[in-house]
Amino acid sequence: MKLKQTKYIFVTGGVTSSLGKGIISASLAKLLQSRGFKVTIQKLDPYINIDPGTLNPYEHGECYVTEDGAETDLDLGHYERFIDLPTSKANNVTTGKVYQSVINKERKGDYLGKTVQIIPHITDEIKRRIRLLAEKNDYDIVITEIGGTVGDIESLPYIESVRQLKWDLGSQNCLVIHLTLVPYLAATGELKTKPTQHSVKMLQENGIQPDILVLRTERELSEDLRAKVSLFCNVDKQSVIESINVSTIYEVPMVMKKEKLDVVTLTKLGIPVKEEPELGPWKDFLNKLKSPSKDVKIGLIGKYVELHDAYKSISESFIHAGAMNECRVELEYIHSESIDKDSAEEKLRGLQGILVAPGFGNRGLEGKIIATKYARENNVPFLGICLGMQCAVIEFARNVLKLDDADSSEMNPDTPFPVIDLMEEQKGLTKKGGTMRLGAYKCEVKENSKSYDAYQTAMVSERHRHRYEFNNEYLDKFEKNGMHAVGINPDSELVEIMEIPGHRWYVGVQFHPEYRSTVLHPHPLFSSFVKAASEV
Ligand code: GLN
6 MKLKQTKYIF
16 VTGGVTSSLG
26 KGIISASLAK
36 LLQSRGFKVT
46 IQKLDPYINI
56 DPGTLNPYEH
66 GECYVTEDGA
76 ETDLDLGHYE
86 RFIDLPTSKA
96 NNVTTGKVYQ
106 SVINKERKGD
116 YLGKTVQIIP
126 HITDEIKRRI
136 RLLAEKNDYD
146 IVITEIGGTV
156 GDIESLPYIE
166 SVRQLKWDLG
176 SQNCLVIHLT
186 LVPYLAATGE
196 LKTKPTQHSV
206 KMLQENGIQP
216 DILVLRTERE
226 LSEDLRAKVS
236 LFCNVDKQSV
246 IESINVSTIY
256 EVPMVMKKEK
266 LDVVTLTKLG
276 IPVKEEPELG
286 PWKDFLNKLK
296 SPSKDVKIGL
306 IGKYVELHDA
316 YKSISESFIH
326 AGAMNECRVE
336 LEYIHSESID
346 KDSAEEKLRG
356 LQGILVAPGF
366 GNRGLEGKII
376 ATKYARENNV
386 PFLGICLGMQ
396 CAVIEFARNV
406 LKLDDADSSE
416 MNPDTPFPVI
426 DLMEEQKGLT
436 KKGGTMRLGA
446 YKCEVKENSK
456 SYDAYQTAMV
466 SERHRHRYEF
476 NNEYLDKFEK
486 NGMHAVGINP
496 DSELVEIMEI
506 PGHRWYVGVQ
516 FHPEYRSTVL
526 HPHPLFSSFV
536 KAASEV
């Protein structure tokens, strides 16, 4: 279906953060896409960083990387996993990016002597970036999630931009969905609507009347409660949507369908509601997810394990791959700093698969290297991602090639054997932000390898985020002694995949397969890894 004019949906959040605006946005997008509309989702992040690339994962979780090499908020990962379409640089806007554009224009003299202000200059730039996404790509519907919580000082310019856009575009083309929480008070046995009333009032103070309210709740909302929210918040009753807790985020599109979020949205936008959404493959996935025939226990070795969001795309990839293999993946998060020579056996015994995670810097590195050694020596299926692959290379160099003190020059610039070394194009770079090797690059996969068996094709494209690479000076030595480069970038000769052929399943990848796994297309390497682990 092609709409004459792009429709804009904004998703704001109230009461508290972490209510799942990203999942609601992605679920609505899924439902609209399943009705034949061309939809995308954008995230506006109110922080001043240009992008999350320089942020510690403990701050906001994983940094997600798009095909075109943008380092973005992890919600973009949810968007892609739900709608199965790539996002891009334009799908994530931050206050840093907005101010950078405005300040650059000011320095060029583009404002012709005017005083540069939040209204109209910052808000114009925000509106430009929202509309640009639609204009460039011909979308029917753009869903824009506003990060933060209504009432935050830093969200104000975004809320103001939405108010203006609603005015500019007219209410038939623009809609605001506000997500809030209805807490349950055990002491009185009641669900409370006051926080919702207050947060809607706050939006109204900023000139926005929400069109639809989505209420997060642990218990079913009664008709009376819905009527009360409707009365106090100026929202018709069928636009008060219940979002009850469910066991998996992938259930949310079904719950939103039952609550008719898509129907109410389309009706308010003046779009005729014709077909039912086509959700067959999604339901098949849910059925498999809910009725696994076996369990498989995989250890994720990383140094940010206290915050599971730091490995969001990896854990979601296991959910997709698990469903495909009809098994439930129990992911055991193991802190790499807790692993040393003495504790390795006790920590890693019983795992059917070991994944060594991406990362930066020295902290926890030795534990990761010990885990790769354990996997290699004990024939435990192993997947090393980015730094995880580099650890596998270092371990092999030290323990098989007997290159004592082999290392990555990231960790030890004075190592006599820099088996992992800084890429040529990285030398001389001083700025940290946005300067890694980022985004999709081609990789040629050799036949007769575990990776080829997984991909079933010789040319793949995978996303990257790193500065260091396998040092090709050592390639011969590795190949002769049993670790093979089975994936190579055809343009730069950079090693992309290392494998140990005699091993049950031992694959190290310089890229990040987790960024490409979606519900409908689980990543072949994760699927194959889970399959190998389930056979242990
Ligand atoms: N720190 C390593 C590098 O920059 C690995 C990066 C990663 O794991 N994403 O090459």
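Using the working numbering, read the sequence shown as starting at 6 and increasing by one per residue. Note that the Cβ used here is the ideal one computed from N, Cα and C, for glycine as well. These figures come from a predicted structure and were not determined experimentally.
- Residue pairing by DSSP places residue 445 opposite 468 in a beta bridge.
- The way I'd put it, the segment 278-285 doesn't touch the segment 56-67; fewer than three beta-carbon pairs between them come closer than 8 Å.
- Shortest gap from the CB of residue 237 to any heavy atom of the ligand GLN: 6 Å or more.
- Short note on residue 57: C-beta not closer than 6 Å to any heavy atom of the ligand GLN.
- Just measuring C-alpha positions, the residue of 27, 53 and 535 sitting nearest residue 302 is 535.
- Runs of beta strand (DSSP E) with 3 or more residues, each lying fully within the segment 318-349, are found at 332-340, listed in chain order.
- The beta carbon of residue 355 sits closer than 8 Å to the beta carbons of 302 from its chain, once the five residues preceding and following it are set aside; these are given in chain order.
- Nearest to residue 496 by C-alpha distance, out of 446, 323 and 456, is 446.
- Looking at the backbone, the Cα of residue 89 and that of residue 82 are separated by about 10 Å.
- DSSP places residue 423 inside the beta strand (DSSP E), whose first and last residues are 423-427.
- Summarising the contact set, residues whose Cβ lies nearer than 5 Å to any heavy atom of the ligand GLN are, in chain order, 363, 365, 391, 392, 470, 471, 472 and 473.
- In the three-state reduction of the DSSP assignment, residue 69 falls in the strand class.
- The Cβ-Cβ distance between residue 279 and residue 216 does not fall below 7 Å.
- In the three-state DSSP reduction, residue 451 falls in the coil class, being neither helix nor strand.
- A check of alpha carbon separations from residue 127 across 342, 516 and 106 identifies 106 as the nearest.
- Going by C-alpha positions, residue 153 is about 30 Å away from residue 442.
- Secondary structure in the segment 254-292: no beta strand (DSSP E) run of 3 residues or longer lies completely within the stretch.
- A check of alpha carbon separations from residue 197 across 237, 179, 517 and 333 identifies 237 as the nearest.
- Measuring C-alpha to C-alpha distances from residue 336 to each of 520, 7 and 313 identifies 313 as the nearest.
- Going by C-alpha positions, residue 46 is about 24 Å away from residue 209.
- In the DSSP assignment, residue 208 falls within the unbroken alpha helix (DSSP H) covering 199-210.
- Between residue 403 and residue 308, the C-beta spacing is not below 7 Å.
- Following the DSSP letters along the chain, one finds residue 490 inside the beta strand (DSSP E) bounded by residues 489-493.
- In the DSSP annotation of this structure, the continuous segment of the alpha helix (DSSP H) that includes residue 404 starts and ends at 392-404.
- Around residue 232, the same chain offers 242 as residues with beta carbons nearer than 7 Å, after the five sequence neighbours per side are excluded.
- Per DSSP, reduced to three states, the secondary structure at residue 173 is helical.
- Taking all protein chains in view, the Cβ of residue 230 is crowded by 16 or more other Cβ atoms within 10 Å, so the residue is classified as buried.
- Approximately 5 Å separates the beta-carbon atoms of residue 48 and residue 78; this is inside 8 Å, confirming the contact.
- By the neighbour-count definition (other C-beta atoms within 10 Å, threshold 16), residue 80 is a buried residue.
- When C-alpha distances from residue 180 are compared across 189, 130 and 244, the shortest belongs to 244.
- The shortest C-alpha to C-alpha distance from residue 320 to any of 40, 94, 51 and 532 is the one to 532.
- Segment contact: the segment 182-198 against the segment 84-100, fewer than three CB-CB distances shorter than 8 Å; contact not assigned.
- Within the same chain, 414, 472 and 473 come within 7 Å of residue 427 by CB-CB distance, once the 5 residues on both sides are set aside.
- Counting along the chain, residue 501 sits inside the beta strand (DSSP E) bounded by residues 500-504.
- Of the candidates 431, 371, 522 and 386, 386 places its Cα closest to the Cα of residue 506.
- Spanning the alpha carbons of residue 440 and residue 18 requires a straight line of approximately 33 Å.
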